[in-house]
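Q:
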Amino acid sequence: MSTMVRRLILLGLGFLAGAAVWPVAELTLFFQARFPTYLLFLALLGAVTGALMGGFLGLAEGITSRVKARIPSGLAWGALAGCLGGAVGLLAGQAALWLIAGLALRSYRSFQTVVLPVSRAIGWAVLGIFVGCGEGLRAGSPRKAGVGMLGGLLGGLAGGFVLEYTRLLFPSLAFPRLAGFVILGLAIGAFYGLIERGLAHGVLRVLAGALKGKEFLLNQNRMRIGSSRRNEIALAAYEGLAERQAQLRVRRGEVYLINLEPKLPVLVNERKIQEHKLKYGDVIRIGPARLFYKYE
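Per the working numbering, residue -18 is the first one in the sequence shown, and the count goes up by one each step.
In structure tokens, the structure reads:
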């Protein structure tokens, strides 16, 4: 599976997340009057929105890596991070509303066209930060979490602006919240994929065998290679590999390949290595698996 397909899957999951959020949000809004306080209502609305967004996007790693065991854990971590982020985000948006209104409120029109949309977009951006870090938390990778947070921030902010101004500028649009939530999910998925790719250290493309054509994005400072499905680069379909045979480490922006099993050879351009600094165009051979290191 190529990195482009991964980005398309992120977009698809973002679309599904937005579509799934809409009926739940509508149901929550229907019972708004029964909540004892408006802040409690906002926290619950944000929590369910974030949980669904995070849960759907948390499925991406398991789907794209073809490792089914990562699907439930990705779902759980994504939903948990999103639930917390949604509650915090919408409350942060309300706090931003009070602050911006106190500083910039000039008229009812300015409140409707500037203060309210901007403050709510800030809340969606906070939600996006938490949604984006779910996979990094699952993988135990601070770098991956940071990349996801940046992608989620930008996606949540952009999607939040579109969501809020869609309802404002097109009041006659059928189901404006549905359109807005779908756009929000698409934006978070799109920016996550773009930032992830832009800050990656390259791609490993499998050249032959059962996983031919599959690409692994080097988006962590440490990635293990071997037959175990717990590895970031899992080559379970290939025989003759150790569970953890090699490791990729990023040092000062350079990618190093390290052989963890001296009894089993790791080759770069058909030369045995113990530790090797990779450059674009290198061909790695681990057992029967051959991988090409490239920029995209």
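The C-beta atom is built at its ideal place from N, Cα and C for all residues, glycine as well.
(1) Using 10 angstroms around the beta-carbon of Arg51, count the other beta-carbons present and answer buried if the total reaches 16, otherwise exposed.
(2) Exposed or buried, which one is Gln93 when buried takes at least 16 other CB atoms within 10 Å?
(3) Whose C-beta lies closer than 7 angstroms to the C-beta of Leu40 among residues of the same chain, with five residues either side of it excluded?
(4) Within the same chain, show all residues whose beta-carbon is closer than 6 angstroms to that of Ile109, passing over the 5 residues directly before and after it, in chain order.
(5) Which same chain residues end up closer than 7 angstroms to Glu235 when comparing Cβ atoms and leaving out the 5 residues on each side of it in sequence?
(6) Taking just the CA atoms, how far does Asn250 sit from Val264?
(7) Indicate the three-state DSSP secondary structure (helix, strand or coil) for Lys253 in the structure shown.
(8) Please work out which residues of its chain come closer than 6 angstroms, Cβ to Cβ, to Gly27, disregarding the five sequence neighbours upstream and downstream, and give them in chain order.
(9) At what residues does the beta strand (DSSP E) containing Gly207 begin and finish?
(10) Which residues does DSSP pair with Tyr274 in a beta bridge?
(11) Using the three-state DSSP reduction, which class does Gln93 fall into: helix, strand or coil?
(12) The beta strand (DSSP E) with Tyr237 in it runs from where to where?
A: According to the structure shown:
(1) Along the sequence shown, one-based indexing puts residue 51 at 70. By the 10 Å Cβ count, Arg51 comes out buried.
(2) As a working note, residue 93 is residue 112 in the sequence shown. Exposed, since its Cβ has fewer than 16 Cβ neighbours within 10 Å.
(3) The sequence position of residue 40 within the sequence shown is 59, counting from 1. Excluding residues within five positions, the ones whose Cβ falls inside 7 angstroms are Leu(-6), Ile52, Gly55, Leu56.
(4) Working through the sequence shown from its first residue, we reach residue 109 at position 128. Checking the sequence shown, residue 109 turns out to be Gly, not Ile. Apart from sequence neighbours up to five positions away, the residues of its chain that approach Gly109 with a beta-carbon distance below 6 angstroms are Gly133, Leu134, Gly136, Gly137, Ile169, ordered along the chain.
(5) Translated into positions along the sequence shown, residue 235 becomes position 254. So the list reads Lys258, once near-sequence residues are dropped.
(6) Reading the sequence shown from its first residue, position 283 is the one you call residue 264. Reading the sequence shown from its first residue, position 269 is the one you call residue 250. C-alpha separation (whole angstroms): 5 angstroms.
(7) As a working note, residue 253 is residue 272 in the sequence shown. It is a strand residue.
(8) Walking along the sequence shown from the start, residue 27 turns up at place 46. Excluding sequence neighbours, Gly27 sits near Gly67, Ala68, Gly70, Leu71.
(9) If you number the sequence shown from 1, residue 207 lands on position 226. Gly207 -> beta strand (DSSP E) spans 203 to 207.
(10) In the sequence shown, counting from the first residue as 1, residue 274 sits at position 293. Tyr274 is bridged to Leu185.
(11) In the sequence shown, residue 93 corresponds to position 112, counting from 1. Here Gln93 sits in helix by DSSP.
(12) One-based indexing of the sequence shown puts residue 237 at position 256. Element bounds for Tyr237: 235 to 240.
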